[in-house]
Every structure is written in structure tokens, then in C-alpha cells.
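Visitor: Numbering-wise, the numbering used here puts 188 at position 26 of the sequence shown, and it's gapless, one number per residue. Input: one structure, supplied below.
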Amino acid sequence: MIQDIDPARLDNSYHTAVPSSGDTVFVFSKNTLLCRYDAVQGTLELPVFGAFPANVPMQYLFAIEDVRYFLAEGEYVLPGFELHPIQKVRRFHVAENRTMFAVFTAFHLWKWYSTNRFCGACGHPTEHSKTERALVCPDCGNTVYPRINPAVIIGVVNGGRLLITRYRRGYVHNALVAGFTEIGETAEQTVSREVMEEAGIRVKHIRYYKSQPWGMASDLLMGFFCEVDGDDTIRMDESELKYAAWLRPDEIELQPNQYSLTNEMMRLFKENRLEEYYQKEK
Numbered sequence: 163m164i165q166d167i168d169p170a171r172l173d174n175s176y177h178t179a180v181p182s183s184g185d186t187v188f189v190f191s192k193n194t195l196l197c198r199y200d201a202v203q204g205t206l207e208l209p210v211f212g213a214f215p216a217n218v219p220m221q222y223l224f225a226i227e228d229v230r231y232f233l234a235e236g237e238y239v240l241p242g243f244e245l246h247p248i249q250k251v252r253r254f255h256v257a258e259n260r261t262m263f264a265v266f267t268a269f270h271l272w273k274w275y276s277t278n279r280f281c282g283a284c285g286h287p288t289e290h291s292k293t294e295r296a297l298v299c300p301d302c303g304n305t306v307y308p309r310i311n312p313a314v315i316i317g318v319v320n321g322g323r324l325l326i327t328r329y330r331r332g333y334v335h336n337a338l339v340a341g342f343t344e345i346g347e348t349a350e351q352t353v354s355r356e357v358m359e360e361a362g363i364r365v366k367h368i369r370y371y372k373s374q375p376w377g378m379a380s381d382l383l384m385g386f387f388c389e390v391d392g393d394d395t396i397r398m399d400e401s402e403l404k405y406a407a408w409l410r411p412d413e414i415e416l417q418p419n420q421y422s423l424t425n426e427m428m429r430l431f432k433e434n435r436l437e438e439y440y441q442k443e444k
């Protein structure tokens, strides 16, 4: 998955660091990223601090091993770099996960910073906290922390088949039933509700699999497998999905890259390793 960057480690602790010439800088504008992509080499290059004018405001984000990442406050264009839509960036095939993980995580923070420039309580401009990753209203004291949306990815098993879906809008490749946790729900209740809403199916034996930070939608994704409870007739929600079917392992076409929890769960079932995984976890 995209966060699998071993042996490197993400250091997301908050610092008021000052950038130096070799530090990596993110520039986002209207859901686009300033970068240089080489499809042949499978590389994604981001600009460094030394390429910017000296007076550009920079916000420290995080570090991965000895590489520090900053966010340029504002919109900039640099020679040799282009603004690519973040959905297009997601489809880039990059040889190592570290850069893509940094992109998704930085995008998550940029969305939070850009949508909380003003206090939601009194409308006053917010300021960066000097002690923690937070935005503080100097007028009323309201403090805003990074938004993280809990959501579930669901592998619904029906004997030797898995429920495969495709979204009506957005991502075009195979997926699983998914959805956001609502107020007052447990993650397991979200699983039951989302499968019923999207496919009209009751489920049982809900088992947790893994989680994944997913900066594209400011999510923390939680993966679950479960089994059909009773009638397996699919009643697809056509407002959400354009395809839903029970597929055998040999019929499942995986996504074109290895970034997502969804793809890992589909692969586990496709390779008939699902029960082996749960036996190892006991």
C-alpha cells in the first residue's frame, strides 16, 4: 500500500522549522500539484526550496528519514515543472512509494490548511499554533486540528466469490463497497449499513483487516471482510455504482497500481490467501 515505505519512517511531529536549499517543497493549486513526472523512469520530482524566491512563505509539514517537506503558501510556477491534477497524479506509476506517500499526506494537510483560513466560530482569520499542528483563532480562541474522516472498505465474501464494484463517478477501476462512518456509528455498523445501501445485502461475521491513511479524501480507511447473511441477490444503488457483481478469484481484475487498501484486499482474495491471513493473525 502507499504507506509501505519501509525501511523509511514518517516523522509527522510538529516543528516550526526553517527550510534550507535542499528541502522538498509542495505547491498545490485548485487540487493540482506542481511536479515533474517521467513515465519511462517511473519517477516523480518535486521542487526544492532553493528554486523559490527568498520571500516565499513556507510551512513545515513532516519528514521522511532525512528528507524534510514544506508547503509553499501561495501559487507558483517554476521552469520545467507542471501543475498536474491530483487525480491524474494518483494514476502515475512511480517506482518507490516514499514520494507518492509524501504527496498524498501533504495534499491532506494542504486541504485542511486551505479550508480553515478563517475561524468557523467567529469568521476571524486563523493563525498557525506555535506549539502543535493546529490553527488557532486569535480573536475567540477556537482551535482547529487536522480533519481525518473515518471510512470503511468492505470485502463481502459469498462462498468462493467476492463482491466487486465500480463507482458511477470518479475512479474507473474495480473497487469494493466503501463509505464514510456517520455520527454515532461504530465502524462495524458502517460496514453493515454501506453494504445494505449500495448492494441491498445483509452481512455477518465482520472481521477487521487493516487500516490505511488516504490523503486524497482526508480519510483513515479501515478494511473489513464479512460474509453474506441470507439472500445474495444484488440490488445495486445506481446513484453510487455503475457495476456490482459476484466474481470468482480468476475473474477479478486488480487496479493498475499497488497504492490502495482496496487493491490489497482484492489481491488477498484473488490469490486465495484470505483464510491463511486470518489464521496467522490468531
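Glycine included, every Cβ here is placed at the ideal spot set by N, Cα and C. Everything numeric in this text was worked out from a predicted model, so none of it was measured.
1) How many whole angstroms separate the CB atoms of Ala340 and Glu350, which I take to be in contact at a CB cut-off of 8 Å?
2) What does the alpha-carbon distance come out to for the pair Ile414 and Arg323?
3) Just how far apart, CA to CA, sit Asn193 and Pro247?
4) Report the option in Ala296, Ala257 and Cys284 whose CA atom is closest to the CA atom of Ser276.
5) Please report how far the alpha carbon of Thr186 lies from the alpha carbon of Pro287, in whole angstroms.
6) Give the straight-line distance between the Cα atoms of Val256 and Val319, rounded to the nearest whole angstrom.
7) What residues are listed by DSSP as bridge partners for Ala376?
8) Would you check if the distance between the CB atom of Ser373 and the CB atom of Gly385 is smaller than 8 Å?
9) Let me check one thing: in DSSP terms, what residues is Asn320 bridge-paired to?
10) Beta-carbon separation of Val251 and Leu195 under 8 Å?
11) Give the DSSP-derived three-state secondary structure of Thr352 in the structure shown.
12) For Tyr275, which three-state DSSP category applies?
13) With a threshold of 7 Å, establish whether the CB of Phe254 neighbours any heavy atom of the ligand NAD.
14) Tell me where the alpha helix (DSSP H) around Glu248 begins and ends.
15) Roughly how many whole angstroms lie between the Cα atoms of Ser182 and Tyr439?
16) Kindly identify the DSSP beta-bridge partner or partners of Asp168.
17) Look at the alpha carbon of Arg364 and the alpha carbon of Thr343, and state the distance between them as a whole number of angstroms.
18) Between the alpha carbons of Val189 and Pro418, how many angstroms are there, rounded?
19) Taking a contact to mean a Cβ-Cβ separation below 8 Å, would you say Asp381 touches Asn311 in this structure?
20) Measuring straight from C-alpha to C-alpha, what distance separates Ala406 and Met398?
21) First and last residue of the alpha helix (DSSP H) that includes Thr424?
22) Here's a check: name, in chain order, each residue in its chain whose Cβ is nearer than 7 Å to the Cβ of Ala264, leaving out the five neighbours to either side.
23) Is Lys273 buried or exposed, if buried means 16 or more other CB atoms sit within 10 Å of its CB?
24) Indicate the three-state DSSP secondary structure (helix, strand or coil) for Asn311 in the structure shown.
25) Could you tell me whether the Cβ atoms of Leu206 and Met262 are closer together than 8 Å?
26) Cutting at 8 Å between CB atoms, please list the residues of its own chain near Val204, excluding the five before and the five after it.
27) Got a sec? Which residues, its chain only, sit under 6 Å from Thr424 by beta carbon, not counting five neighbours each side?
28) Specify the secondary structure class of Tyr231 as computed by DSSP and reduced to three states.
Guide: Let me spell this out:
1) As a first step, residue 340 is located in the sequence shown; it is residue number 178 there, counting from the start. As a first step, residue 350 is located in the sequence shown; it is residue number 188 there, counting from the start. The beta-carbon separation of Ala340 and Glu350, rounded to 15 Å, does not stay under the 8 Å limit for a contact.
2) Within the sequence shown, residue 414 is the residue found at index 252, counting from 1. Within the sequence shown, residue 323 is the residue found at index 161, counting from 1. Whole-angstrom Cα-Cα distance: 10 Å.
3) Against the sequence shown, residue 193 aligns to sequence position 31. Against the sequence shown, residue 247 aligns to sequence position 85. Each residue's alpha carbon lies about 6 Å from the other.
4) On the sequence shown, position 114 is the one that residue 276 refers to. The shortest Cα separation from Ser276 among Ala296, Ala257 and Cys284 belongs to Ala296.
5) As a position in the sequence shown, residue 186 is number 24, starting the count at 1. As a position in the sequence shown, residue 287 is number 125, starting the count at 1. It is roughly 27 Å from the alpha-carbon of Thr186 to the alpha-carbon of Pro287.
6) As a first step, residue 256 must be located in the sequence shown, where it is residue number 94. As a first step, residue 319 must be located in the sequence shown, where it is residue number 157. The straight-line gap from Cα to Cα measures roughly 32 Å.
7) For the purposes of this step, residue 376 is taken as the residue at position 214 of the sequence shown. Reading off the sequence, residue 376 comes out as Trp, not Ala. By DSSP's assignment, Trp376 forms a beta bridge with Asp381.
8) For this step, residue 373 is matched to residue 211 along the sequence shown. For this step, residue 385 is matched to residue 223 along the sequence shown. Result yes, Cβ atoms of Ser373 and Gly385 sit closer than 8 Å.
9) In the sequence shown, counting from the first residue as 1, residue 320 sits at position 158. Residue pairing by DSSP puts Asn320 in a beta bridge opposite Arg323.
10) To locate residue 251, count along the sequence shown from 1; it is residue 89. To locate residue 195, count along the sequence shown from 1; it is residue 33. Taking 8 Å as the Cβ cut-off, Val251 and Leu195 qualify as a contacting pair.
11) Within the sequence shown, residue 352 is the residue found at index 190, counting from 1. Thr352: helix per DSSP, three-state reduction.
12) The sequence position of residue 275 within the sequence shown is 113, counting from 1. Reduced to three states, the DSSP call for Tyr275 is helix.
13) Among the ligands in the structure shown, none appear at all, so the ligand NAD cannot be discussed.
14) Indexing the sequence shown from 1 puts residue 248 at position 86. According to the sequence as given, residue 248 is Ile; it is not Glu. Bounds of the alpha helix (DSSP H) holding Ile248 are Ile248 to Arg252.
15) Within the sequence shown, numbered from 1, the residue matching residue 182 stands at position 20. Within the sequence shown, numbered from 1, the residue matching residue 439 stands at position 277. Looking at the two C-alpha atoms, the distance is approximately 45 Å.
16) As a position in the sequence shown, residue 168 is number 6, starting the count at 1. Answer is none; Asp168 lacks a bridge partner.
17) Looking up residue 364 in the sequence shown gives position 202. Looking up residue 343 in the sequence shown gives position 181. About 17 Å.
18) As a first step, residue 189 must be located in the sequence shown, where it is residue number 27. As a first step, residue 418 must be located in the sequence shown, where it is residue number 256. Cα to Cα, Val189 sits roughly 26 Å from Pro418.
19) Walking along the sequence shown from the start, residue 381 turns up at place 219. Walking along the sequence shown from the start, residue 311 turns up at place 149. Going by beta carbons, Asp381 and Asn311 fall inside the 8 Å limit.
20) Walking along the sequence shown from the start, residue 406 turns up at place 244. Walking along the sequence shown from the start, residue 398 turns up at place 236. The alpha-carbon atoms of Ala406 and Met398 are separated by roughly 7 Å.
21) Locating residue 424 in the sequence shown gives position 262, counting from the first residue. That run of the alpha helix (DSSP H) goes Leu423 to Lys432.
22) Position 102 of the sequence shown holds residue 264. Cβ neighbours of Ala264 beyond the five flanking positions: Ile226 and Tyr231.
23) Taking the first residue of the sequence shown as position 1, residue 273 is located at position 111. Lys273 is buried by the Cβ-count criterion.
24) Locating residue 311 in the sequence shown gives position 149, counting from the first residue. Residue state, collapsed to three classes: strand.
25) As a position in the sequence shown, residue 206 is number 44, starting the count at 1. As a position in the sequence shown, residue 262 is number 100, starting the count at 1. Cβ atoms of Leu206 and Met262: closer than 8 Å.
26) Within the sequence shown, the letter at position 42 stands for residue 204. The sequence shown places Gly at residue 204, not Val. The residues are His255, Val256 and Ala257.
27) The residue labelled residue 424 in the question sits at position 262 within the sequence shown. Cβ within range, chain order: Ile315, Ala337 and Leu338.
28) Within the sequence shown, the letter at position 69 stands for residue 231. Note: Tyr231 maps to strand in three-state DSSP.
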